[in-house]
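Trainee: All residue numbers for the sequence shown refer to the numbering used here, where the first residue is 1 and numbers rise by one. We put the CB at the ideal spot given by N, CA and C, even for glycine.
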Amino acid sequence: MKILVPIKRVVDYNVRVRVKSDGSGVETEGVKMSINPFDEIALEEALRIRERGEAEEVIVASIGGTDVQQQLRTGLAMGADRAIHVETETAPQPLTVARILLKLIERESPGIVFLGKQAIDDDCNQTAQMLAALWDRPQATFASRVELADGKATVAREVDAGLETIEIELPAVMSSDLRLNEPRFVKLPDIMKAKRKPLDVIAIADLGVEQGAGFEMLAFEPPPKRGGGKVVGSVAELVDELKNRGLL
Ligand code: AMP
1 MKILVPIKRV
11 VDYNVRVRVK
21 SDGSGVETEG
31 VKMSINPFDE
41 IALEEALRIR
51 ERGEAEEVIV
61 ASIGGTDVQQ
71 QLRTGLAMGA
81 DRAIHVETET
91 APQPLTVARI
101 LLKLIERESP
111 GIVFLGKQAI
121 DDDCNQTAQM
131 LAALWDRPQA
141 TFASRVELAD
151 GKATVAREVD
161 AGLETIEIEL
171 PAVMSSDLRL
181 NEPRFVKLPD
191 IMKAKRKPLD
201 VIAIADLGVE
211 QGAGFEMLAF
221 EPPPKRGGGK
231 VVGSVAELVD
241 ELKNRGLL
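1. Tell me which same chain residues have a C-beta within less than 7 Å of the C-beta of I120, skipping the five on either side of it?
2. Name the two residues that bound the continuous beta strand (DSSP E) containing R145.
3. Using DSSP with H/G/I as helix, E/B as strand and the rest coil, what is R9?
4. Taking buried to mean at least 16 other C-beta atoms within 10 Å of its own C-beta, is M78 buried or exposed?
5. Is it buried or exposed, V146, if we count other Cβ atoms within 10 angstroms and call 16 or more buried?
6. Would you kindly report the start and end of the unbroken alpha helix (DSSP H) that includes A42?
7. Relative to the C-alpha of L76, which residue among R184, P92, L148 and G65 is closest?
8. A153 and A140: beta carbons closer than 8 Å?
9. Please determine, among T90, F114 and V97, the residue with the shortest C-alpha to C-alpha distance to A46.
10. The ligand AMP and L115: does any heavy atom of the ligand fall closer than 7 Å to the residue's C-beta?
11. Could you give the first and the last residue of the continuous beta strand (DSSP E) run that contains E158?
12. Specify the secondary structure class of D121 as computed by DSSP and reduced to three states.
13. Would you list the residues sitting across from K2 in a DSSP beta bridge?
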C-alpha cells in the first residue's frame, strides 16, 4: 500500500505573522517557512505505518511555486520515499488542491491519503473533506489514533465531546489532529540522503485541472491592538468591574 501525504508550505508557526502594508496579503518575504504542522503529524503517522510494515511507500506531494521543494526535501529527510511537486504560481484554494490530489490519486492509487486537518495559514479545514467527496471514498478527519487491519482503518477522532472511534474501508482519506503523534526530528545524515531521493515535478497544466475561482480575497487586516489592563484593589472591585462590563 502507498500513502500519499499532501504537505503545504506555510509561515512557520513561531513567526509573528505581519500583514503587508497595502493590505494585499501576509508578508512572506524573508520569513521562515515550514511544513504545515498538521501535515508533519500526518507524515509522521504515515512513516510509522510504513515502519510497522503496513505500507510499502510514503509519497509527499506539494502544490505551489518552486519554493515548496524545500518542504518536500524536509519531508524526504523525515523519511518519505519520494516527492511530487505540482507546479503552479497561483496559490490554489482548497477545491483546486482537492482536484489536483484526485489526479495524483489516479496516478498513484494510494490506500490512504493523509492530510493535515487544516493549513495554519488559511485555516480552511476543507481539503480533506472535499477530496473524500470527489474521490467518493470514506473519510476519517481529526484523527487522534489510527489502527489498520484487513483493509480497514479504526480511527479515533477528536470531537467536542471527547474521542469518537469509527471504522472505515480503505482506500480512504484521513486528516491528522494535534495529539496523533509527535513528529520526529530530522538528522543531518537524513538531509544528505534526502537530496538523492526522487522528486518529480509536474506542471499543473499537465494534470488538466481547472483552477476555478472559488472565492476572492478581499482584505487582510491585523487583529485590533489589545487595550491596557487595569489593576483593581480588591475582589469586590473586580466583581463590580466585571459586572459593569457585562462579563458576569
Ligand atoms: P486546508 O483545507 O486549506 O485547511 O488544508 C488542509 C490540508 O490540505 C493541509 O493540511 C494539507 O495537507 C493539504 N493542502 C492544502 N493546501 C495544499 C498545498 N498547496 N499543497 C499540498 N497540500 C495542501
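Mentor: According to the structure shown:
1. For the purposes of this step, residue 120 is taken as the residue at position 120 of the sequence shown. Result list for I120: V10, Y13, N36 and P37, in chain order.
2. The residue given as residue 145 occupies position 145 in the sequence shown. Element bounds for R145: Q139 to A149.
3. Your numbering for residue 9 matches position 9 in the sequence shown. Residue state for R9 is assigned as strand, using DSSP reduced to three classes.
4. Against the sequence shown, residue 78 aligns to sequence position 78. Under this definition M78 is a buried residue.
5. The residue you call residue 146 lines up with position 146 of the sequence shown. Counting C-beta atoms within 10 angstroms of its own C-beta, V146 has 16 or more neighbours from the protein chains shown and is therefore classed as buried.
6. Taking the first residue of the sequence shown as 1, we reach residue 42 at position 42. For A42, the uninterrupted alpha helix (DSSP H) run begins and ends at P37 to E51, by DSSP.
7. The residue labelled residue 76 in the question sits at position 76 within the sequence shown. Minimum Cα-Cα distance from L76 among the listed residues R184, P92, L148 and G65 corresponds to R184.
8. Sequence index remark: in the sequence shown, residue 153 carries index 153 (1-based). Sequence index remark: in the sequence shown, residue 140 carries index 140 (1-based). Yes; because the gap between Cβ atoms is below 8 Å, this pair is in contact.
9. Within the sequence shown, residue 46 is the residue found at index 46, counting from 1. Nearest neighbour of A46 by Cα position, chosen from T90, F114 and V97, turns out to be F114.
10. Here residue 115 refers to the residue found at position 115 of the sequence shown. With a cutoff of 7 Å, L115 counts as near the ligand AMP, since its C-beta is closer than that to a heavy atom of the ligand.
11. Here residue 158 is taken as the residue at index 158 of the sequence shown, counted from 1. Looking at the DSSP string, the run of the beta strand (DSSP E) that includes E158 is K152 to V159.
12. As a first step, residue 121 must be located in the sequence shown, where it is residue number 121. Residue state for D121 is assigned as coil, using DSSP reduced to three classes.
13. Start at 1 with the first residue of the sequence shown, and residue 2 comes out as number 2. DSSP lists E57 as partners of K2.
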